[in-house]
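S.K.: My questions will all concern the structure given below.
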Amino acid sequence: MKRALLFVLLAALAFAVDDTTMKKVIESGGPGFAAAMQQDPSEALCSEFPQGLPADRVGGFVETERAKVSYAEPLAGDWERGREVFVTPARGNCYACHAGEPSEAAFGDVGPPLTNYGLRGQGEGIVKYTYEKIYNAWITVPCSTMPRYGVNGRLTAQEIADLVAYLTSPDSPINPAVKGGK
Amino acid sequence: MRRFFYTFGFALLAGALVWALSPAEEAKRQRQLFLEQSGGAHPGELFVAEGEEYYNSLEGAGGKTMADCDFGKGPGVLEGVYAELPKYFADSDRVEDLDTRVVTCLTQVLGFGEDEFDRDMVVALVSYIASFSHEMPIRVTLNDPQEKEMFEIGERLWYWRAGQMDLSCAACHDRYPGRRVRLAPIRSPEQGLTDHWPAYTFSFDKMYTMENRINFCYDSIQIPHPEFYSTPHIALSLYMRYRANGNELDVPGFTR
């Protein structure tokens, strides 16, 4: 029985496509494709374990990802500018996956709804959490489907701070249920 | 006022989508809606007809015609070939999808040069040949070692997270089938992600093959798509189609 298991394991190893082959395959897609398909070590790890990282890899992974965050000053910017980032497809494109303002019906449901996100509060803790979540979603949920907007340079630190304001400010139209803050 | 109508229209559309049941049913419903809007005619049939014309009229070196090409069941046989693709072909000694097989036919059998055919011609021919597998179950096998390796390459590409969005095919199509990106339903291969390609796409007014569909996916996750007829296309098609084995093909499809 043990031997059979070992055989299956060895067979799986022997048949798995190696990195050299993958490199060739990806290069055959052309230079633009090949350049974009380059992975950082964390992306490679998430690809290797699509069902979730093994427990003993999580600590190191989170530590690596945390070191990639750089912070804007202050962490919450301008909610009106944040709103533009949120709705613009070439920038945040947040409606692709999240519900937002109640008047916007064309939203995706891959991520949790962000309507009335401000009910979570406006304190330092939630502001920092929100900033880090957008800058690098893989700190809180390793290999989350949510892109690492700051790490990958998809959004600037300022754009992320503006998004934080849009999500948390009591004045923001995404927070109709939040009255007068606090 | 105009804004009101837009908002109202979107609300109706979104409501209808949220209300819908399974992604497959949702796709069926959208297709029905589009068909009604286009007067009941399937624009994909025009591309099939164009492909038929090419198929019957193209002539290559030494009087060779398309009927001399083997798409998997012998020269001249089109019935059901698409349901078994991609697969290994001994003459080219590689695994091919229908797109590359049409190119192999044009260049190797008819002897055409690269400038004697274009993408539109290939798409029309793919549409025509695929239409002979309409309503047939997908039957992709991994009997040849090259097919097996191609499947494994496809599997690794499927899970390959990269690009500015850190995404892979699996990050949406395996983790969130049944949900929506904006208003577009996400489907897994088992749920019919590939069953209706090649398809007439309503929003672009174009006929697109499975290779176009893969390109669209990469482009939308900010990874410049692989070049047509390259290995990533063949590998991903084989991987997805293998997972969809038994599903009924609906080709040419009709989608947004």
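Protein chains in written order, with the working numbering: chain A, 5 to 186; chain B, 3 to 258. Even glycine gets a Cβ: it sits at the ideal position worked out from N, Cα and C. If you're wondering where the values come from, they're calculated on a predicted model, not measured in any experiment.
1. Alpha carbon to alpha carbon, how far is GLY129/A from ALA40/A?
2. What would DSSP say about TRP184/B, mapped onto helix, strand or coil?
3. Tell me the DSSP secondary structure of LEU144/B in three-state form.
4. Give the residues from the region 93 to 105 of chain A that approach chain B closer than 8 Å (Cβ to any Cβ), ordered along the chain.
5. Does the CB of ASN156/A have a neighbour CB from chain B at under 8 Å?
6. When you compare each of SER232/B, PHE256/B, TRP160/B and VAL124/B to GLU98/B by their alpha carbons, which one comes out closest?
7. So what does THR67/B bridge to, in DSSP terms?
8. How many angstroms separate the CA atom of GLN39/B from the CA atom of TYR202/B?
9. For VAL62/A, does the count of other Cβ atoms within 10 angstroms reach 16, so buried, or fall short, so exposed?
10. Taking all protein chains shown into account, decide if GLY64/A is buried (16 or more other Cβ within 10 angstroms of its Cβ) or exposed.
11. Can the beta-carbon of ALA69/B be found less than 8 Å from the beta-carbon of GLY113/B?
12. Would PRO234/B count as contacting chain A if we go by Cβ distances under 8 Å?
13. With a CB to CB cut of under 8 Å and the five nearest residues on each side skipped, what residues in its chain are close to THR25/A?
14. Let me know if ARG245/B comes out buried or exposed under the rule of 16 or more other beta-carbons within 10 Å of its beta-carbon.
15. Are the region 51 to 60 of chain A and the region 238 to 256 of chain B touching, with three or more C-beta to C-beta distances below 8 Å?
16. Closer than 8 Å, CB to CB, is CYS107/B near chain A or not?
17. Which one of PRO234/B, GLU28/B, GLN193/B and LEU127/B has the shortest CA to CA distance from PRO200/B?
18. In terms of alpha-carbon separation, which member of CYS107/B, ASP207/B and GLY115/B lies closest to THR257/B?
19. Cβ-heavy atom distance between GLY156/B and the ligand ATP below 7 Å?
20. What do you get for LEU123/A, buried or exposed, if any count of 16 or more other CB atoms within 10 angstroms of its CB means buried?
21. Figure out for me which residue from GLY115/A, SER148/A and GLU88/A has the closest Cα to the Cα of GLY56/A.
22. Counting contacts by CB-CB distance shorter than 8 Å, is GLN148/B in contact with chain C?
23. Cα separation between GLU108/A and ILE178/A?
24. Do we get a CB-CB distance below 8 Å when we pair ALA20/A with the residues of chain B?
25. With DSSP as the reference, label LYS186/A as helix, strand or coil.
26. Give the DSSP-derived three-state secondary structure of PHE7/B in the structure shown.
27. So what does ARG96/B bridge to, in DSSP terms?
28. Can you check whether the CB of PHE90/A is closer than 8 Å to the CB of TYR170/A?
29. For the beta strand (DSSP E) containing PHE256/B, list its first residue and its last residue.
M.R.: So, from the listed chains and residues:
1. In the first sequence, residue 129/A corresponds to position 125, counting from 1. In the first sequence, residue 40/A corresponds to position 36, counting from 1. In a straight line, the C-alpha of GLY129/A is about 35 Å away from that of ALA40/A.
2. Translated into the one-based positions of the second sequence, residue 184/B becomes position 182. Reading off the sequence, residue 184/B comes out as Arg, not Trp. The answer is coil: DSSP assigns ARG184/B none of H, G, I, E or B.
3. The residue labelled residue 144/B in the question sits at position 142 within the second sequence. The answer is coil: DSSP assigns LEU144/B none of H, G, I, E or B.
4. TYR99, ALA100 and CYS101
5. Within the first sequence, numbered from 1, the residue matching residue 156/A stands at position 152. For ASN156/A, the answer is yes, since a Cβ of chain B falls inside 8 Å of its Cβ.
6. The sequence position of residue 98/B within the second sequence is 96, counting from 1. Nearest option by C-alpha distance: SER232/B.
7. Here residue 67/B refers to the residue found at position 65 of the second sequence. Paired residues: GLU61/B.
8. Here residue 39/B refers to the residue found at position 37 of the second sequence. Here residue 202/B refers to the residue found at position 200 of the second sequence. Rounded to the nearest angstrom, the two C-alpha atoms are 14 Å apart.
9. As a position in the first sequence, residue 62/A is number 58, starting the count at 1. Under this definition VAL62/A is an exposed residue.
10. Reading the first sequence from its first residue, position 60 is the one you call residue 64/A. Result: exposed.
11. Taking the second sequence and counting its residues from 1, the one referred to as residue 69/B is at position 67. Taking the second sequence and counting its residues from 1, the one referred to as residue 113/B is at position 111. Their beta carbons are not under 8 Å apart, which means ALA69/B does not touch GLY113/B by this criterion.
12. As a working mapping, residue 234/B is identified with position 232 in the second sequence. Yes, PRO234/B counts as interfacial toward chain A.
13. Position 21 of the first sequence, counted from the start, is the residue given in the question as residue 25/A. There are no such residues.
14. As a position in the second sequence, residue 245/B is number 243, starting the count at 1. Buried.
15. no
16. For the purposes of this step, residue 107/B is taken as the residue at position 105 of the second sequence. No, CYS107/B lies away from the interface with chain A (no Cβ there is under 8 Å from its Cβ).
17. Position 198 of the second sequence, counted from the first residue, corresponds to residue 200/B. Comparing Cα-Cα distances from PRO200/B to each of PRO234/B, GLU28/B, GLN193/B and LEU127/B, the minimum goes to LEU127/B.
18. Within the second sequence, the letter at position 255 stands for residue 257/B. Nearest option by C-alpha distance: ASP207/B.
19. This structure lacks the ligand ATP; in fact it carries no ligand of any kind.
20. For this step, residue 123/A is matched to residue 119 along the first sequence. By the 10 Å Cβ count, LEU123/A comes out exposed.
21. As a position in the first sequence, residue 56/A is number 52, starting the count at 1. Nearest option by C-alpha distance: SER148/A.
22. Structure shown: chain C not included; protein chains present are A and B.
23. Locating residue 108/A in the first sequence gives position 104, where the first residue counts as 1. Locating residue 178/A in the first sequence gives position 174, where the first residue counts as 1. Going by the C-alpha atoms only, they are around 10 Å apart.
24. As a working mapping, residue 20/A is identified with position 16 in the first sequence. ALA20/A counts as touching chain B.
25. The sequence position of residue 186/A within the first sequence is 182, counting from 1. Since pLDDT at LYS186/A reaches only 39, below the 50 mark, its modelled position is unreliable, and no value is offered.
26. The residue you call residue 7/B lines up with position 5 of the second sequence. In this prediction, PHE7/B scores a pLDDT of 47, lower than 50, which makes its location untrustworthy; no coordinate-derived value is stated.
27. On the second sequence, position 94 is the one that residue 96/B refers to. Its beta-bridge partners are PHE91/B.
28. Residue mapping note: residue 170/A aligns to position 166 of the first sequence, counting from 1. Residue mapping note: residue 90/A aligns to position 86 of the first sequence, counting from 1. Contact flag set, yes.
29. Locating residue 256/B in the second sequence gives position 254, where the first residue counts as 1. Here the beta strand (DSSP E) through PHE256/B covers 255 to 257.
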